[in-house]
Amino acid sequence: MKVLITGATGRIGSRLVPRLLQRGYSVRMLVRQPERAQWLIEQGAEFVQGDLLQPDSLAQAAANQDAIIHLAAYFRGATEEESYAVNLEGTAALARAALQSGVSRFIFASTNLVYGPGQLQPFVEDDLPRPAAPYAKAKAAAERELLELQSSNGLGLTILRLAFVYGDGDPHLKEGLQWFRNCNAAQPMHIVHHADVAQAIILATENERSVGHIFNVADNIPVPVRDIMNLYNEPIVEDAVNRPLNSSWLQLVDTTKIREQLGFNAVFPALRSAVESGKL
1 MKVLITGATG RIGSRLVPRL LQRGYSVRML VRQPERAQWL IEQGAEFVQG
51 DLLQPDSLAQ AAANQDAIIH LAAYFRGATE EESYAVNLEG TAALARAALQ
101 SGVSRFIFAS TNLVYGPGQL QPFVEDDLPR PAAPYAKAKA AAERELLELQ
151 SSNGLGLTIL RLAFVYGDGD PHLKEGLQWF RNCNAAQPMH IVHHADVAQA
201 IILATENERS VGHIFNVADN IPVPVRDIMN LYNEPIVEDA VNRPLNSSWL
251 QLVDTTKIRE QLGFNAVFPA LRSAVESGKL
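Here the sequence shown stands for residues 1 to 280, where the numbers follow the working numbering.
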């Protein structure tokens, strides 16, 4: 299968591309700075230099591809205007290039943050998104734009709402300590290992039953913040158990749909299993 990947040098993409190459995919990367992708090129991926904010570069990148896996996003350090430019307008431009080039599948990596503040009840895919932060709002707007292109133009769309991604040497969990240390120690977090993100993307790309659907992607078991803090020997203050749960971190999700419809079976169903396997 021939696939175009955006965000190939990012945290998810850099861990996904080698897995796709090992599976026998022909991988083309849309990159702004080819030198950053050199190590992936040496493994067998090809590249097209371009930018989501330069629509003229996207048609060439999308040409003769079976699928587009759209991972690129602007999150950390982005202004609201920059977030919307990349995460909404750039996504829409890429989807239009996919339609123009006859690409049959478009896999969009979204986020469980689109659900907005939650409770202990897990969100299901039919729940109405109520995003609170600019990044999540831009992602939710991109979802709406893509769903419209699916309805009106036949875009072969699958949306994957990823939980907090970790593993394979990604520092994401450790970086989160700056927020976790201010939470109730029992605060549940829904996370997902890079191996299972890759599994979800491959299933969505290869299984026609994914087209036209949104899927939550997360570990089987949310993890309490205390377990993450203990993992990094981070001290937990005495009054941490008395703090209220932070609803802005409660994007717990139900993964029944992806398990039943696509056969998703978590490689690392919980943080503990990743730690025990040495895959943190």
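Backbone N, C-alpha and C fix where the C-beta goes; we use that ideal spot for every residue, glycine too.
All figures in this text were calculated on a predicted structure; none of them were measured in a lab.
- Within the same chain, and ignoring the five residues on either side of residue 41 in sequence, the residues whose Cβ sits closer than 7 Å to its Cβ are 47.
- Residue 190 carries a coil assignment under DSSP once its states are collapsed to helix, strand and coil.
- Cβ contact annotation for residue 147 (same chain, cutoff 6 Å, sequence separation greater than five): none.
- Counting every other CB atom within 10 Å of its CB across the protein chains shown gives residue 209 a total below 16, marking it as exposed.
- Around the CB of residue 152, fewer than 16 other CB atoms lie within 10 Å, so the residue is classed as exposed.
- By the Cβ rule, the stretch 208-222 counts as touching the stretch 153-165, because three or more pairs are nearer than 8 Å.
- With at least 16 other beta carbons inside 10 angstroms of its own, residue 28 counts as buried.
- Per DSSP, the unbroken beta strand (DSSP E) holding residue 47 starts and ends at 46-49.
- Taking all protein chains in view, the Cβ of residue 144 is surrounded by fewer than 16 other Cβ atoms within 10 Å, so the residue is classified as exposed.
- Restricting attention to 76, 165, 107, 89, the CA atom closest to the CA of residue 67 is found in 107.
- Of all C-beta pairs linking the stretch 215-227 to the stretch 8-27, fewer than three are shorter than 8 Å, placing the two stretches out of contact.
- The residues 177, 181, in chain order, have a CB closer than 7 Å to that of residue 234 in the same chain once the five nearest residues on each side in sequence are set aside.
- In this structure, residue 165 and residue 11 form a Cβ contact; the two beta carbons are roughly 7 Å apart against a cut-off of 8 Å.
- Annotated three-state conformation of residue 214 is strand, per DSSP.
- Judged by DSSP in its simplified three-state form, residue 1 adopts coil rather than helix or strand.
- Under the 10 Å beta carbon count, residue 190 is surrounded by 16 or more other beta carbons and is classified as buried.
- Segment contact: the stretch 195-210 against the stretch 253-273, three or more CB-CB distances shorter than 8 Å; contact assigned.
- A distance below 7 Å between beta-carbons, with the five flanking residues on each side excluded, links residue 269 to the following residues of its chain, in chain order: 219, 220, 221.
- Unbroken alpha helix (DSSP H) runs of no fewer than 4 residues, entirely contained in the stretch 155-185, are found at 172-175, 177-180, following chain order.
- Under DSSP, residue 106 takes part in a beta bridge, and its partners are 68, 157.
- Burial of residue 131 is indicated by the presence of at least 16 other C-beta atoms within 10 angstroms of its C-beta.
- Counting along the chain, no alpha helix (DSSP H) covers residue 124, and no H or E run does either.
- Around the CB of residue 263, fewer than 16 other CB atoms lie within 10 Å, so the residue is classed as exposed.
- For the options 271, 195, 88, the alpha carbon positioned closest to that of residue 20 is the one of 195.
- With a 10 Å radius around the Cβ and a threshold of 16 neighbouring Cβ atoms, residue 83 comes out buried.
- For residue 17, the enclosing alpha helix (DSSP H) stretches over residues 13-22.
- In the DSSP assignment, residue 30 forms a beta bridge with 6, 48.
- Look at residue 224 here: in three-state DSSP terms it is strand.
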